[in-house]
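Asker:
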Amino acid sequence: GEDVEQSLFLSVREGDSSVINCTYTDSSSTYLYWYKQEPGAGLQLLTYIFSNMDMKQDQRLTVLLNKKDKHLSLRIADTQTGDSAIYFCAESLMGGGADGLTFGKGTHLIIQP
Amino acid sequence: DAGVIQSPRHEVTEMGQEVTLRCKPISGHNSLFWYRQTMMRGLELLIYFNNNVPIDDSGMPEDRFSAKMPNASFSTLKIQPSEPRDSAVYFCATIHLTGELFFGEGSRLTVL
Chain D
305 GEDVEQSLFL SVREGDSSVI NCTYTDSSST YLYWYKQEPG AGLQLLTYIF
355 SNMDMKQDQR LTVLLNKKDK HLSLRIADTQ TGDSAIYFCA ESLMGGGADG
405 LTFGKGTHLI IQP
Chain P
603 DAGVIQSPRH EVTEMGQEVT LRCKPISGHN SLFWYRQTMM RGLELLIYFN
653 NNVPIDDSGM PEDRFSAKMP NASFSTLKIQ PSEPRDSAVY FCATIHLTGE
703 LFFGEGSRLT VL
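Residue numbers (the working numbering), protein chains in the order written: chain D, 305 to 417; chain P, 603 to 714.
(1) Rounded to whole angstroms, what is the Cα-Cα separation between F635(P) and A381(D)?
(2) Can you pull the chain D neighbours of L679(P), defined as C-beta to C-beta under 8 angstroms?
(3) Go ahead and pull the three-state DSSP assignment for G410(D).
(4) So, does the CB of L711(P) fall closer than 9 angstroms to a CB anywhere in chain D?
(5) Could I get the ranges of all uninterrupted beta strand (DSSP E) runs contained in the stretch 624 to 677 of chain P, with 3 residues as the minimum, in chain order?
(6) Taking 6 angstroms as the limit between beta carbons, can you name the residues of its chain near F407(D), skipping five residues before and five after?
(7) Can you give me the Cβ contacts of L336(D) inside the same chain, cut-off strictly under 6 angstroms, excluding the 5 residues immediately before and after it?
(8) Count the other CB atoms, across all protein chains shown, that sit within 10 Å of the CB of K372(D); report buried if there are 16 or more and exposed otherwise.
(9) Indicate whether at least one CB of chain D lies closer than 9 angstroms to the CB of L647(P).
(10) Would DSSP call R611(P) helix, strand or coil?
(11) Report the three-state DSSP secondary structure of R687(P) (helix, strand or coil).
(12) For F313(D), count neighbouring Cβ atoms within 10 angstroms of its own Cβ and tell me buried if that reaches 16, exposed if not.
(13) Decide if P610(P) is buried, meaning its Cβ has at least 16 other Cβ atoms within 10 Å, or exposed.
(14) Starting from D362(D), trace the beta strand (DSSP E) both ways and give me its first and last residue.
(15) For D358(D), count the other beta carbons within 10 Å of its own beta carbon; 16 or more makes it buried, fewer makes it exposed. Which is it?
(16) What is the DSSP secondary structure of T329(D), counted as helix, strand or coil?
(17) Closest by CA to M642(P), which one among G410(D), I415(D), N356(D)?
(18) Would you call the stretch 641 to 659 of chain P in contact with the stretch 611 to 624 of chain P, where contact means no fewer than 3 C-beta pairs closer than 8 angstroms?
(19) Name the DSSP beta bridge partners of S315(D), please?
(20) Counting only beta-carbon atoms, is L669(P) nearer than 9 angstroms to chain D?
(21) Between the Cα of T678(P) and those of V621(P), T615(P), M617(P), E616(P), spot the shortest distance and give me the residue it belongs to.
(22) According to DSSP, is T366(D) part of a helix, a strand, or is it coil?
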């Protein structure tokens, strides 16, 4: 079955880069997503990558996809206090997530001053 | 567009009571999803609708849970009777025609 796994916590110093890792099991995944959840709020889409890509960059965010190892990572450059949140990796089999996304349990990103 | 609107934002009820959670999706959507979030299980997909028709309800935990989507502008998730283990944050989400999944702010349910 589908399974998405992430580390539960990551602690980084302000100004350093954060790298959040995710592994998934379903090789049929077509879209892979990163969502951000701030306290008391819903999930907000940060970025996504198609399975036929291996890298996507958007300002401070870089997504790397290793399809062979089924490994996805999110790198946040120059981590700031506002980046403190829970980051969810998610996969979808159908285009646009029409079948519903399968989420990991989320990685709590903790920023140290 | 005000985004996905859920109500109530917080509900505290006693075991055995009926709970109804509501969702007003964004306009222009064609799919609607109900998720449940707990510390232990993370985010679980309960059910989703496409064009107001339930497509997959295999994530609904028990017969105590039911969901309806009478029209494209409204959906409900009902729990009857509620139990303490139903305590969680329930999210509604819709997929915009652009393909992005928009989440509501969630309804935090506490069953005593």
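Glycine is no exception: its CB is placed at the ideal position from the N, C-alpha and C atoms.
Answerer: Reading it off the structure:
(1) In a straight line, the C-alpha of F635(P) is about 32 angstroms away from that of A381(D).
(2) Result: empty, since nearest Cβ-Cβ is about 15 angstroms, beyond 8 angstroms.
(3) Here G410(D) carries a coil assignment [DSSP, helix/strand/coil].
(4) So no, L711(P) is outside the interface.
(5) 631 to 640, 644 to 652, 655 to 658, 667 to 673, all fully within the stretch 624 to 677 of chain P.
(6) Contacts found: F392, A394.
(7) I353, L376, E395.
(8) With fewer than 16 other Cβ atoms within 10 Å, it is exposed.
(9) It does; some Cβ of chain D falls within 9 angstroms.
(10) In the structure shown, R611(P) sits in coil (DSSP, three-state: anything other than H, G, I, E or B).
(11) In the three-state scheme derived from DSSP, where H, G and I count as helix and E and B as strand, R687(P) is classed as helix.
(12) Exposed, because fewer than 16 other Cβ atoms sit within 10 Å of the Cβ of F313(D).
(13) With fewer than 16 other Cβ atoms inside 10 Å of its own Cβ, P610(P) counts as exposed.
(14) 359 to 362 is the span of the beta strand (DSSP E), which, as asked, contains D362(D).
(15) With fewer than 16 neighbouring CB atoms inside 10 Å of its own CB, D358(D) falls in the exposed class.
(16) Coil, per DSSP.
(17) When each option's Cα is compared against that of M642(P), the closest is G410(D).
(18) They do not touch, by the three-pair rule.
(19) According to DSSP, which records beta bridges pairwise, S315(D) is partnered with I414(D).
(20) It should be noted that the sequence gives Ala, not Leu, for residue 669(P). No, its Cβ sits nowhere closer than 9 angstroms to a Cβ of chain D.
(21) Measuring from the Cα of T678(P), the nearest candidate turns out to be V621(P).
(22) Under the three-state reduction of DSSP, T366(D) is assigned to strand.
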